[in-house]
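Read the structure below first, then the notes.
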Amino acid sequence: MVSIQRPGAGGQLRRGCEEVFAGTARTRPGDRPLTDPQYTDWRLAGPDGPVVLGAGPSGGFVVPLLPDGTYPLTFTATDPDSGLTATARVSVRVVGCLR
């Protein structure tokens, strides 16, 4: 089971800035948390294909320099024992970063 806590659906991500991402992933059966970054990743589906933001269930990752717009954000986890993969997806809005 995989879920995204942050950012929420419809949330804004500031391009070129570091943002906080948080998700959970648990095995089935067994209901154990997946915390090893090698089994999880975060991606934004940009206009030229998916862009990997980072790995691990949570962390601060720099948002790529995408044009303003709404993009699918996916958090994917793979159970190392069974090889099964699950994905959670929300739509987020990429906007400019004010510094």
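For the sequence shown, our numbering begins at -14 and goes up steadily by one. For glycine and all other residues, C-beta sits at the position ideal for the given N, C-alpha and C. Quantities reported herein were computed from a predicted structural model and do not represent experimental measurements.
| Query | Result |
| --- | --- |
| Proximity below 8 angstroms, CB of G15 to CB of V(-13) | no |
| Endpoints, the beta strand (DSSP E) within which A7 is located | 3 to 10 |
| Segments assigned beta strand (DSSP E), at least 3 residues, entirely inside the stretch -12 to 58 | -3 to -1, 3 to 10, 25 to 31, 34 to 39, 43 to 47 |
| Proximity to A62 [Cα-Cα], best of P18, E3, E4 | P18 |
| Cβ separation of V77 and Y56, assumed to be a contact under 8 angstroms, to the nearest whole Å | 6 angstroms |
| CB of T12 within 8 angstroms of CB of D66, strictly | yes |
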